[in-house]
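Numbering-wise, the sequence shown is residues 304 to 604 according to the UniProt record's numbering.
This report refers to the structure that appears directly beneath it.
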Amino acid sequence: LMQLFRPLDLLGMVYREIRQGLIDMEAMFRLIDTPPEIADAPGAPDLQVTGAAIRFDAVDFGYDPRRQILHGVSFHVPPGAKLAVVGHSGAGKSTLSRILYRFYDIQGGRVTIDGQDIAGVTQSSLRRAIGIVPQDTVLFNDTIRYNIAYGRPDASEAEIVAAARGAAIHDFILGLPDGYDTQVGERGLKLSGGEKQRVAIARTILKNPAILILDEATSALDSATEASIQEALGGVSAGRTTIVIAHRLSTITDADEIIVMDAGRIIECGRHEVLLARGGAYADMWALQQAEEAENGTLVA
Ligand code: ATP
């Protein structure tokens, strides 16, 4: 009877391998999801990062030219400063980060890093300079070590451990049955939202980018997890020019500048206290979140 089942077993294995391949490929495409029309200008030089100052100058953009999403968006992030972007769902917050990473070219205006138009430098040098901690981290069906080192395959064991410590996930990993060799992803250990975010933070620490984009998860984590993730993020963003796409306003009260977006336009900007005192859209959002927090003990956007 065993003889009979062996081919079926084999088939199952082949199926799983193919499925696995598809999942990895899908994950890859999500990570390098670049429309083909984005190309380096002939002879484009590499981006020369000095202080990593970011400037959006009257940026107009639409994914489809018939539907404009951003309307004359201008802001400046000085070297090492932290800019927070807030606004209702669909306001255009994530679009700003996709444009900075040059997933798309803009239709009007200019985006520069240290004075260099991002459309005029090589995409590889641009993307080396930017680290993104996304809302949802894609994990590969591989070991947790591989997942942390992803993007820096040459990283040493010491560097990987240091990154995991910086992301406050080292102790968790040591507690796993196979430590850093534990298989994660669809086929292995399923990590929680908070754990996945820490893997993303560790990846970013290893990448060591001059510019950091944090796309805060919409779903609220429990407050202890949230606090430790915020602490880890604070460590990574220190000394780097940072853009935070924030849903919970309580995480950005220390930002050097907050921009409030509505339907693709910046409607208010300033520091937390200034915006509160102004009594406008930001103050309303703040009051609403405070009331929600009082009601159910969590902060949600
Ligand atoms: P959220 O807080 O929900 O993440 P957001 O402020 O980040 O929202 P964006 O993701 O920047 O909003 O989207 C802004 C607008 O652009 C939305 O109206 C959305 O429908 C549109 N949009 C986003 N991505 C695409 C895309 N790939 N193709 C076409 N339209 C898109």
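Note that beta-carbon positions come from the ideal geometry of N, C-alpha and C, so glycine has one too.
Counting the other Cβ atoms within 10 Å of the Cβ of residue 519 gives 16 or more, which makes it buried. By the neighbour-count criterion, in which a residue is buried when 16 or more other Cβ atoms sit within 10 angstroms of its Cβ, residue 390 is buried. By the rule of a C-beta closer than 5 Å to any heavy atom of ligand 1, the residues picked out are 366, 372, 392, 393, 394, 395, 396, 397, 398. Per DSSP, reduced to three states, the secondary structure at residue 562 is strand. In the structure shown, the three-state DSSP call for residue 481 is coil. Shown here, residue 496 sits in a helix according to DSSP, grouped into three states. Residues of the same chain with a CB within less than 8 Å of the CB of residue 536, apart from the 5 flanking positions on each side, are 436, 504, 517 in chain order. CA-to-CA, the gap between residue 596 and residue 530 works out to about 15 Å. Residue pairing for residue 443: DSSP places it in no beta bridge. Residue pairing by DSSP places residue 486 opposite 446 in a beta bridge. Looking only at 357, 355, 358, 363, the smallest Cα-Cα distance to residue 567 is reached by 363. Residue 549 sits in coil when the DSSP states are folded into three classes, being neither helix nor strand.
For residue 372, the three-state secondary structure derived from DSSP is coil. Restricting attention to alpha helix (DSSP H) runs no shorter than 4 residues, the stretch 565-593 encloses them at 575-581, ordered along the chain. Between residue 409 and residue 395, the C-beta gap is not smaller than 7 Å, which leaves the two residues out of contact. Residue 351 sits in coil when the DSSP states are folded into three classes, being neither helix nor strand.
Going by C-alpha positions, residue 525 is about 16 Å away from residue 438.
The closest CA to that of residue 448, considering only 423, 487, 430, is found on 487. Relative to the Cα of residue 380, the nearest Cα in the group 370, 359, 393 belongs to 359. Of the candidates 533, 585, 343, the residue whose Cα lies closest to the Cα of residue 426 is 343. For residue 399, the closest C-alpha among the options 365, 482, 382, 474 is that of 365. For residue 409, the three-state secondary structure derived from DSSP is coil. Residue 459 and residue 451 have their C-alpha atoms spaced approximately 11 Å apart. The beta carbon of residue 465 sits closer than 8 Å to those of 508, all from its chain and outside the five residues before and after it, given in chain order. Taking a contact as a CB-CB distance under 8 Å, the pair residue 355 and residue 417 counts as one, their CB atoms being some 7 Å apart.
With fewer than 16 other CB atoms across the displayed protein chains lying within 10 angstroms of its CB, residue 480 is exposed. Straight-line spacing of the CA atoms in residue 374 and residue 584 works out to 18 Å.
Scanning 485, 491, 468, 570 for the CA closest to the CA of residue 532 turns up 468.
About 11 Å separates the CB atoms of residue 557 and residue 384; that is not less than 8 Å, and the two are not in contact. Taking the C-beta atoms as reference points, residue 512 is found nearer than 7 Å to residue 433.
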